[in-house]
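S.K.:
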Amino acid sequence: MSLDTKQLAEIAPEFFSGAIADRKAAEATCNRLEAAMGDLLAVIERETELVRLGKLDAAGDLQPEKAKLVSIYMRGMTFVRDQTTSLGNLAPEAVDRLKRRHAEFQPVLRINLAVLATAREVADNLLRKVAQGAASTRAPSTYGPGGSAPRSPALADGIAVNRAL
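Heads up: the sequence shown runs through residues 1 to 165, numbered per this note's numbering.
1. What did DSSP end up calling residue 17 once you bin it into helix, strand or coil?
2. Taking 7 angstroms as the cut-off, is the C-beta of residue 84 nearer than that to any heavy atom in the ligand MG?
3. Compare the beta carbon distance of residue 43 and residue 65 with 8 angstroms and say whether it is the shorter of the two.
4. Return the first residue and the last residue of the alpha helix (DSSP H) that residue 25 is part of.
5. Tell me, to the nearest whole angstrom, how far the beta carbon of residue 126 is from that of residue 33; I am working on the premise that it is less than 8 angstroms.
6. At the level of alpha carbons, what is the spacing between residue 131 and residue 124?
7. Rounding to the nearest angstrom, what Cα-Cα distance links residue 77 and residue 118 in this structure?
8. Ordered along the chain, which non-local residues of its own chain (more than five positions away) have a Cβ less than 8 angstroms from that of residue 88?
9. Which complete alpha helix (DSSP H) runs does the region 72-116 hold, if anything under 4 residues is left out?
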């Protein structure tokens, strides 16, 4: 669950301070965004590892924390984008560090998205094959007496899914 604005302001007040007027505020903003990126990166790496190990329930348990961290990160990125000139003038070293950290963040995010897409595709294919298998047992494979296809049952049975897989 993502955070509302009030919750975000309590957790990351640096991203709600208005215009950045001094070096201390600029560095605090960059440091807070860097910390948010680090926290989000740790959760994403953990999620990627759990999905690779097939521990989808454990990976799903990370979603509330991940959503919270994504909210903080996105608010921070929006605030930094709006304050680009001030940050660049007041804390150029912190901005450069933030850019490097962001460049390191992107490949990890791409890997996570690829792993999640692969897991989803595998699950979709598995469900599709199960559904096809269930449907094929109901479909006529020969003609009935008199040369007509046998009637299909009126209602199809449900499919049971073992969530432990």
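All C-beta atoms, glycine included, are put in the ideal place defined by N, C-alpha and C.
M.R.: Result, derived from the coordinates:
1. Secondary structure of residue 17 (DSSP, three-state): coil.
2. This structure lacks the ligand MG; in fact it carries no ligand of any kind.
3. In contact: residue 43 and residue 65 (Cβ atoms closer than 8 angstroms).
4. For residue 25, the enclosing alpha helix (DSSP H) covers residues 23-52.
5. The C-beta distance from residue 126 to residue 33 rounds to 40 angstroms, too long to fall under 8 angstroms, and the pair is not in contact.
6. One alpha carbon belongs to residue 131, the other to residue 124, and they sit about 10 angstroms apart.
7. If you take the alpha carbons of residue 77 and residue 118, they lie about 28 angstroms apart.
8. Listed in chain order, the non-local C-beta contacts of residue 88 below 8 angstroms within the same chain comprise 95, local neighbours out to five positions each way being set aside.
9. Runs of the alpha helix (DSSP H) lying entirely within the region 72-116, each at least 4 residues long, are 84-90 in chain order.
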